[in-house]
Every structure is written in structure tokens, then in C-alpha cells.
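*Asks:* As given, the protein sequences belong to chains A and B, one line each in that order. FYI, our numbering numbers position 256 of the first sequence as 258, with every residue one higher than the one before it. FYI, our numbering numbers position 329 of the second sequence as 618, with every residue one higher than the one before it.
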Amino acid sequence: MGMNRSPLLELTGVTREYSGYRALDSVDFTLNSGEVHVLFGENGAGKSTLISIIAGALKANSGQIRFKGQPLRLSSVHHARKLGISAVFQEFSLVPELTVEENLFLGAEETRYGCLNRTAMHARATEVLARLGFQLRPDASTAFLSRAEQQMVEIAKAFRDDLSILILDEPTASLTERETRDLFSLVDHVKSQHVGIIYITHRMSEIRQIGDRITILRDGKFIDTVKADTSESELVRMMTGKVIDQIFPAIRFKPKKEVLKIRDLSTTDKSVIGASISVRSGEIVGIAGLVGSGKSEIARSCFGLIPKSAAEITFNGEEIGHLSPREILDRGLFYIPADRREEGLMMMRNARENIVLPALTTPGISSGMVLKRKAEKVRVKKLADRFNLQPSNPELDAGLFSGGNQQKIMLAKCQTRKVDLFIFDEPTVGVDVGTRTAIYEFIRDLCEMSGAAILLISSDLPEILHLTHRVYVMGGGYITAELEPDEIAEEKILKHFFRDGSVPQKASIEHDLN
Amino acid sequence: MSKIIHFLKLALVRLGVLPFLLLIAVAIFTFLSDNFLTGRNLINVVRQSTYLTLVSMGQMFALLTGGFDLSVGTILALTSVVGATSMAMAYAAMPDSAMLSILVGILAGGAAGTTIGIVNGIGISLLNVSPFMMSLGMASVGFGLALYLTGGTPVYGMPTEYGDIFGFGAIYGLPVPVVITMVLIIILYFILNWTPAGRYFYAVGGNIKAARLSGINTRLTLFSAYALCGLMAAIAGLLLTARLDTGEANIGATMPLESIAACVIAGVSLRGGIGRLENVVFGALFIGLVQNGMNLARIESYLQIVVIGVLLILAVVADQLRLRLVATMRN
């Protein structure tokens, strides 16, 4: 990287606040043309906010952005795209009802005499797809494309106009190994055309393969920009501010009787096929896998949220496959969902009502028909103190709390009634390091002191590696491996993320035929 | 000056738009008419507002769960027609037992109105029809039935005791409809604030998925909201029939708008999950107050309909401004 060249993009002191909370706190960032610059940090560290600002989706409250040496003030994503700054987010911005080429030109349709110029757009779409080497028909319907193909459309959209900066937000999260290789060769090709690439990933192997420099963010603050050959432990230390041992508590497992047994679980939407797992009290069982691998769907169908086509689910010796979430909850199985806003909390109601919601008919909170509002307040206050809820006022609306404290409210919910099996679905998404440690210690206490059975579903590999006693790995809806305590290692888990080459279990083949 | 503005802003954020609207309305109408701010007129306002209060409280349950009920007007009409017809028939069959025929009429009318609410509830909770389509469809069904049953003419022949007691009667100087409404306010307040079932309405509107994951029977809750809304509208229909002394298919046409307006002005969120019963009562009183004031100020009745519509929109706009104010104050 020559010092004589001015950087393609230069951010200095960029700050973004949300109602008093700094998502980005005076961050510096430079991007050179022809480099892959990895953004590294935990969930909630500010990566998304940063790329949203660069892509024009958000405005910074203060700080400067220079693009090709000139001060830059983006008014919209559209404006950014016109300048050649394009982002491919994890959430695709495609309209499923439209075709590939209609999506490519959405918002920038070519016209002649005020009418759509379909021939010109078709020609250009074909040209762009060919240049990128994508095997996609421009007139194909977007709704029927796979996730990888949809991602291709998103990338092609970025290449519609002259491209200077390409932002890729965890692009491999839902790709198979082969698709990932294709993507990497595309990235190499783009690099050679002097495009600067901002790349968000959690995976060490990807950083090694394609990264040039790494910028680490933590709690919205800029930590450092380092070369890609920096050691893994050093990166983790910078990312979390802690050495690994300080984040994850040591857990002593004393597995006793089997609490949950799932045999040959298949969902009607085929997100899970022929899965069998078992969880005992006093142990933490992990399910690892990529987005869309079916790891979350196992828990959801087991809790009665997704229809099953076949399964034997026994909980404490009782068949529960046909029960509703309410009945399952009454038997002592609690599912803590991943998405707080979508499924976890009533954001416009206060923390107190959220916390006691699962327990309104239990003897401590009501006499069946009438609420004991004093007892409710006392109970909630105790839980709020125990989880160190900040601000410590449970009468505030749930939506006013930070992500970490919202997560604490979710955890407090599952402490309002007797539970034998906790299913945590991504318990630390969008949570700061301090709260993470608190959540891990909470899970440890559940396991060690209360002897509860715990099923931990996570995309965060370190979480799986350091907290679990046994691990199931999932890929493409199948359980691809079961790892015993002495087998849990990063490479072993990663190897089983894809079903390529692995033979499905016999039982699941039979289900496929049904 | 800036201090006053700051105080007003704070009051707006804390209390919502309703107290301001009430103050403004009282000031304007006191200025326009000498008779407005008298004890007798205010009691009159309360009595006239009972019907809307009852319907608005029912509407609030539908709104709390994130929906609404456009069929409340029809429920009033059908209750009135069925109640009056069966009461008149029973009275004609047994002229000596007026009380028994009143009971028959109340049960028949109440059942007819509540059935609309129950059908709404089944469609919305079990068949996943949107509240908009379901209640709009039922509004047509109910109105058509009411017209069909009566041929469009008023129903006479109810025992005079019915009107004497439920329309014009008084207990310790308080009009009977007001007493009944007060009792229902207390019951509904208790349900909403002191029972698990009441919390569930807020939970279903607040986040139906979270409610389901917390073990709440969301279908039953949705169903109850519309059934309860139907029941409240049916009670309002019975009381209004007593006051009018006839069964009418044309009453209640303005109820859907007015009841939603009363709730929205009172700060009930159209997205569900937010709203307080006591405010809804004041919201309905406010609309009654405005209508009464406009009558005293001799504003033409057709123009009054315009004013109510404008008020509804203004209240929503004011509430949006309030939310923006909340957001800026937080920063």
C-alpha cells in the first residue's frame, strides 16, 4: 500500500447516536482501491452502522467522510450507488415478484420517451451477468432463486453502474463451500479492477484467505487497523477486550437423566429432515450450523411453532409432539427466541409486564383469575436486581432498553416459572461483551446449580466451543455430526457445516421419499 | 415564554392530546353558548355519551389486540330491531307480564348483537380473516338483516315500562343508562388491569408472537376481544332502543367512526398494545361534549359530521407530533 496514493475512502471521527446511545463513537476508517478491508467485531460493535453510513442508508451525527479525496455527504442509498458505492446486505433488497433484470434496474429503470426501455435493460442485464460469470437468466423469477443466486443478483446490482466500493456483509453466511469459492474468485477479480472492498465476516479462515487489512470495532469504538496476518488470539482480544478465558466461564457438567429426546424430526417445510437429538439434565448441548441449516427450526418445531411431518418428541418421558406452545411451557420447556423485536418482547409495554407475561396464571402472580399486583412488583424487582437491569426501573418500556438489557428482560422471563429445559436460540445476538459474560454465567448457573437441561443454538462458534458439553452440527436441514466432549473443535464443526460429500442418515432418506 | 412552551410540551408528552382538546372545546363552547357550562347540561352530556362510551370501550378491546371492529354500528341496529321485535311479540302474547317480555326482548336482542361479535371473533381468530374485511363484511350482513326483518320501518309495541326504566329511569337522581355504564366501566377496568385475561389483550396487540411463546392462547384472546366488543355494542343498542322507544335499523351508522375516534383521541394505539380504559371513557365524553356544544351553538347537524371527521384526523396528527416530541426529548 503506497503512501503516495490518497485512499479511496477516508472516515475520520464518525459518530452515530441513537437516543443517547452511541452506536459508533468517533470511528476512523480508510479503504484503498484494490484492497479487501475486513471489518471485525462482535454483534453490536457498530459494523452494521458503519457500513450503513458508508452505503448512504444512515447519516452520521458528526465526523468527516472523504471519497477520492473529496468531502462526501450522502443523501441516500441511491446517491451512494450513483457514486459507485454499493452494499450487499445480509437482508436482500429484492422484490420476489419481479424478474432478475427488473430487480437489477429497480429504481434506475432505463426509459425512452418516458416508457420503459425493456430491450436496452435486457441487453445490459445480460452483459452484466456475463461479465461477472453468473449463470442466471435475466428473465428468471426472483422468487424461485436459491439464496446464493439471490446474492448474485444483489452483487450484479452493485455492478450495474461503475463500481468503486463494494460492501459485502457476511456474504458467505448462507453459501455452500463451492459457492463460497466462486464468490472468492469474484472478489479477486473485482480487486484487480481497483475496486475497494469492505468485507464483514466472523470467520478466521476467510480473513486469512481474502483479507488485506482488518479494522476492529468494539462497542462502537475504533480499536485498531491491522494486517491480515495478525494472530487469531490477538484479534479476539481486540474484538472482545478480554482474553477468551475471561469471557467464558468454566462449567462442570453432571449429566443425569434424559429430559428431551427427539427422534426423526422432519418439518413439513423440509427445513429439518430426520433429525434426532437428546438432551440430559445438567448438561449444555449445542447445535451449531449456518443460517438456514435448520438448527433454529429444530427447537421451533419442538416447541410447537413449526408444523412437523414426522417426529417422536418425548419430554420427561411424555410425548409432546402434538401439544401447543402453552401446553409445552406448562410441562417445563422454555424456548427463548433469537429475535427480541420480532418474537421476544412487547416493545411498547414496560419491562415488568414483559417479564411476568409467561407466569400470569401461576400461583405467585395471580390467584388464577385475579392478579396479585404487589407480589408481581416485588417479584419483578427481585429479578431486575438479579440480572442487574440498567436502568433499573422495570416500569420503563422494553423498547427503551439497550439490546443487552432487553436480552436480560428475556432471560428474566424464563425465571418466572419452573423450567426443566431451556432452549436458548442465539442468546447473545446484538449484546455487548459485559452482558455476554453475564448471560454465560447465568446459563452456567442454570446448568450447575439448578441442574437444568440446556439446548444452546448458536451461530457463534466460540460460544459453542466453550460452553457446550456435546454438540450437534447441522447442514442443509440434516444433522451432519454429533460431537462428544473430547471431539469439540473448530475444524470438526466447520467441516460438517456442509452436507457436500457427507452421507445423510438412513432414516432421513426414508423421510425424503415420504 | 420558552418556559411555558417547555411546560406545555412536557404536559403533552405526559398526558397526551386529550386534556388539551377538552380544555379547548370547553373554552370555545362556553364562549359560544351561555347554557353550555351548566350542571344540568353537563349531566345531559354524560347521559347522551353513555351509548358511545359503551361502544368505545368495546372497540378498545379490538384496538388493543391490533385490530378494529367496523360492525359496531350494525350490532346496535340489529340488537335494536331484534330486541324490539321479540319484546313486542312477547308483550302481545302475554300483555300481563311486561317484565317477562322485557327480559325476553333483552335476551333476544343481546344474543343477536353478540352473535355478530362472536362471528367476527371466529373469522378473525380461527380463519385468519383480516379484522378490516371481517367486520366490514359483518357490518353489511347485520345491516341487511336488520332492514330485512323490519322492512326498513321502526318497530313499535314494546311495553312502556322498558323505556321508563332503561331509557328515562333514574336511581338516586342518576339516569339508569349512566348507572349501567358506570358499573360496566368498573367491571372492564377490573378485567383489564387486575386479571391475567386483561393483560393478554395488551400482550396479543403488543407482540402476538411473543405472547404465543409466553404460553398465551392468542386465538382465544383475539376471539374474546371481538365477542366482548359485540356484547358492549349490543348493550348500547338495548339502552338506545329504550331511550328511543322504538326498534330502529338506522341507528348506529356513525358508531364505527365515533368509537374509533374516541379511542384514538384517548391515546389507544392503532397498532395495538397501548391504551387505558379511563382515557377512552373521557375520549367518548369529549366527542359527546363537542356534539352537545355544537347543538347549543346551533351548528347544522350535517356540518357536525364534518367536524367529527376533522377532529379524528387532527387527534391522530397531534399524536404523531407528540411521538416526535417524545423522540426528540429522549435525545
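No residue lacks a Cβ here, since even glycine has one placed at the ideal position from N, Cα and C.
Between the region 274-294 of chain A and the region 234-242 of chain A, can you find at least three pairs of beta-carbon atoms closer than 8 Å?
*Replies:* no
*Asks:* Since I believe leucine 585 (chain B) is in contact with phenylalanine 296 (chain B) (beta carbons under 8 Å), could you give me their beta-carbon distance rounded to a whole number of angstroms?
*Replies:* Start at 1 with the first residue of the second sequence, and residue 296 (chain B) comes out as number 7. Start at 1 with the first residue of the second sequence, and residue 585 (chain B) comes out as number 296. Phenylalanine 296 (chain B) to leucine 585 (chain B), Cβ: 32 Å. No contact.
*Asks:* Closest to aspartate 271 (chain A) by C-alpha separation, out of A:Lys263, A:Leu307, A:Ile216, would be which residue?
*Replies:* Position 269 of the first sequence, counting from 1, holds the residue named residue 271 (chain A). That would be A:Leu307, whose Cα lies nearest to the Cα of aspartate 271 (chain A).
*Asks:* Cα separation between alanine 538 (chain B) and threonine 354 (chain B)?
*Replies:* Translated into positions along the second sequence, residue 538 (chain B) becomes position 249. Translated into positions along the second sequence, residue 354 (chain B) becomes position 65. Rounded to whole angstroms, alanine 538 (chain B) to threonine 354 (chain B) spans 29 Å at the Cα level.
*Asks:* Can you list the residues of chain A that leucine 343 (chain B) reaches, using a CB-CB cut of under 8 Å?
*Replies:* In the second sequence, the residue the question calls residue 343 (chain B) occupies position 54. What leucine 343 (chain B) touches in chain A: nothing, since even the nearest Cβ is about 24 Å away.
*Asks:* Between the C-alpha atoms of valine 370 (chain B) and aspartate 453 (chain B), what's the straight-line distance to the nearest angstrom?
*Replies:* In the second sequence, the residue the question calls residue 370 (chain B) occupies position 81. In the second sequence, the residue the question calls residue 453 (chain B) occupies position 164. Approximately 19 Å between the Cα atoms of the pair.
*Asks:* Quick check: the region 369-384 of chain A against the region 509-524 of chain B, are at least 3 beta-carbon pairs closer than 8 Å?
*Replies:* no
*Asks:* Is it right to say asparagine 581 (chain B) is buried, meaning 16 or more other beta carbons lie within 10 angstroms of its own, or is it exposed?
*Replies:* Counting from 1 along the second sequence, the entry for residue 581 (chain B) is found at position 292. Buried, by the Cβ-count rule.
*Asks:* Got a sec: is the Cβ-Cβ distance from isoleucine 563 (chain B) to anything in chain A below 7 Å?
*Replies:* For this step, residue 563 (chain B) is matched to residue 274 along the second sequence. Yes, its Cβ sits closer than 7 Å to a Cβ of chain A.
*Asks:* Listed in chain order, which residues of the region 499-519 of chain B have Cβ atoms closer than 8 Å to some Cβ of chain A?
*Replies:* Ala499, Ala500, Arg501, Leu502, Ser503, Gly504, Ile505, Asn506
*Asks:* In chain order, what residues of the same chain lie with their CB nearer than 7 Å to the CB of threonine 368 (chain B), ignoring the 5 residues before and after it?
*Replies:* Within the second sequence, the letter at position 79 stands for residue 368 (chain B). Gly398, Gly399, Ala401, Gly402, Ala523, Gly526, Leu527.
*Asks:* Which residues bound the alpha helix (DSSP H) around glutamate 93 (chain A)?
*Replies:* One-based indexing of the first sequence puts residue 93 (chain A) at position 91. Run containing glutamate 93 (chain A): none; DSSP gives neither H nor E here.
*Asks:* Secondary structure at arginine 24 (chain A), three-state DSSP: helix, strand or coil?
*Replies:* Position 22 of the first sequence, counted from the start, is the residue given in the question as residue 24 (chain A). Strand.
*Asks:* Where does the unbroken alpha helix (DSSP H) through methionine 240 (chain A) begin, and where does it stop?
*Replies:* Here residue 240 (chain A) is taken as the residue at index 238 of the first sequence, counted from 1. Per DSSP, methionine 240 (chain A) belongs to the alpha helix (DSSP H) from 234-242.
*Asks:* Are at least three pairs of beta-carbons, each pair with one atom in the region 214-229 of chain A and one in the region 244-253 of chain A, less than 8 Å apart?
*Replies:* no
*Asks:* Between which two residues does the beta strand (DSSP E) containing glutamine 66 (chain A) stretch?
*Replies:* As a first step, residue 66 (chain A) must be located in the first sequence, where it is residue number 64. Unbroken beta strand (DSSP E) run through glutamine 66 (chain A): 64-69.
*Asks:* Spatial neighbours of leucine 177 (chain A) within its chain, please: CB distance less than 6 Å, with the 5 preceding and 5 following residues excluded, ordered by chain position.
*Replies:* For the purposes of this step, residue 177 (chain A) is taken as the residue at position 175 of the first sequence. Answer for leucine 177 (chain A): Ala150, listed in chain order.
*Asks:* At a CB-CB cut-off below 7 Å, which residues of chain A make contact with glycine 495 (chain B)?
*Replies:* By 1-based counting over the second sequence, the position of residue 495 (chain B) is 206. Within chain A, the residues near glycine 495 (chain B) are Met348, Met350, Arg351.
*Asks:* Just mark lysine 508 (chain A) as buried or exposed, buried being the case when its beta carbon has 16 or more other beta carbons within 10 Å.
*Replies:* What you label residue 508 (chain A) is simply residue 506 of the first sequence in a count that begins at 1. Residue placement at lysine 508 (chain A) is poorly supported in this model, since its pLDDT is 33, which falls under 50; the coordinates still yield a value, given next. With fewer than 16 other Cβ atoms within 10 Å, it is exposed.
*Asks:* Could you check if glycine 347 (chain B) is buried or exposed, using at least 16 other CB atoms within 10 Å of its CB as the buried criterion?
*Replies:* The residue you call residue 347 (chain B) lines up with position 58 of the second sequence. That one is buried.
*Asks:* In whole angstroms, what separates the C-alpha of leucine 578 (chain B) from that of valine 433 (chain A)?
*Replies:* On the second sequence, position 289 is the one that residue 578 (chain B) refers to. On the first sequence, position 431 is the one that residue 433 (chain A) refers to. Taking the straight line from one Cα to the other gives about 51 Å.
*Asks:* Apply the 10 Å Cβ neighbour rule to leucine 299 (chain B) and answer buried if 16 or more other Cβ atoms are within range, or exposed otherwise.
*Replies:* The residue you call residue 299 (chain B) lines up with position 10 of the second sequence. By the neighbour-count rule (16 or more Cβ atoms within 10 Å), leucine 299 (chain B) is not buried but exposed.
*Asks:* How would you write the range of the alpha helix (DSSP H) that serine 369 (chain B) sits in, first residue to last?
*Replies:* On the second sequence, residue 369 (chain B) is found 80 positions in, with the first residue counted as 1. Here the alpha helix (DSSP H) through serine 369 (chain B) covers 361-382.
*Asks:* Residues of chain A with CB closer than 8 Å to the CB of tyrosine 491 (chain B), please, in chain order.
*Replies:* The residue labelled residue 491 (chain B) in the question sits at position 202 within the second sequence. By Cβ distance, chain A contributes Met348, Arg351, Glu355.
*Asks:* Across which residues does DSSP place leucine 457 (chain A) in a beta bridge pair?
*Replies:* In the first sequence, counting from the first residue as 1, residue 457 (chain A) sits at position 455. Per DSSP, A:Val287, A:Ile425.
*Asks:* Please determine, among B:Arg501, B:Ala492, B:Ile540, the residue with the shortest C-alpha to C-alpha distance to arginine 560 (chain B).
*Replies:* Taking the first residue of the second sequence as position 1, residue 560 (chain B) is located at position 271. For arginine 560 (chain B), the nearest C-alpha among the options comes from B:Ala492.
*Asks:* Whose CA, out of B:Cys552, B:Phe575, B:Met290, lies closest to the CA of leucine 566 (chain B)?
*Replies:* Mapped onto the second sequence, residue 566 (chain B) falls at position 277. When only C-alpha atoms are compared, the closest one is B:Cys552.
*Asks:* Any idea what DSSP makes of methionine 290 (chain B), helix, strand or coil?
*Replies:* For this step, residue 290 (chain B) is matched to residue 1 along the second sequence. Three-state DSSP puts methionine 290 (chain B) in coil, outside helix and strand.
*Asks:* Can you name the residues of chain B whose CB is closer than 7 Å to the CB of methionine 1 (chain A)?
*Replies:* No answer is possible for residue 1 (chain A): the residues shown for chain A start at 3 and end at 516.
*Asks:* Just checking my contact of phenylalanine 161 (chain A) with valine 189 (chain A) at CB under 8 Å: how many whole Å lie between their CB atoms?
*Replies:* Along the first sequence, one-based indexing puts residue 161 (chain A) at 159. Along the first sequence, one-based indexing puts residue 189 (chain A) at 187. 13 Å between Cβ atoms; not a contact.
*Asks:* Tell me which residues share the same chain as serine 510 (chain A) and place their Cβ nearer than 7 Å to its Cβ, disregarding the 5 neighbours each side in the sequence.
*Replies:* Residue mapping note: residue 510 (chain A) aligns to position 508 of the first sequence, counting from 1. The predicted model places serine 510 (chain A) with a pLDDT of 34, which falls under 50 and marks its position as unreliable; any figure quoted below should be read in that light. Only Ile275, Gly276, Tyr480 meet the Cβ criterion.
*Asks:* Could you check whether the Cβ of glutamate 345 (chain A) sits closer than 7 Å to any Cβ belonging to chain B?
*Replies:* The residue given as residue 345 (chain A) occupies position 343 in the first sequence. Contact with chain B is found for glutamate 345 (chain A), since one of that chain's Cβ atoms lies less than 7 Å from the residue's Cβ.
*Asks:* Do we get a CB-CB distance below 7 Å when we pair arginine 328 (chain A) with the residues of chain B?
*Replies:* Locating residue 328 (chain A) in the first sequence gives position 326, where the first residue counts as 1. Under the Cβ distance rule, arginine 328 (chain A) counts among the residues neighbouring chain B, one pair being separated by less than 7 Å.
*Asks:* So is threonine 51 (chain A) in contact with chain B if we call contact Cβ pairs under 7 Å?
*Replies:* One-based indexing of the first sequence puts residue 51 (chain A) at position 49. Taking Cβ atoms only, chain B never reaches closer than 7 Å to threonine 51 (chain A), which makes this a no.
*Asks:* Taking a Cβ distance cut-off of 7 Å, strictly less, list which residues of the region 585-609 of chain B are near chain A, in chain order.
*Replies:* none
*Asks:* Give the secondary structure of lysine 310 (chain A) by DSSP, where H, G and I count as helix, E and B as strand, and everything else as coil.
*Replies:* Here the question's residue 310 (chain A) lines up with position 308 in the first sequence. Three-state DSSP puts lysine 310 (chain A) in a strand.
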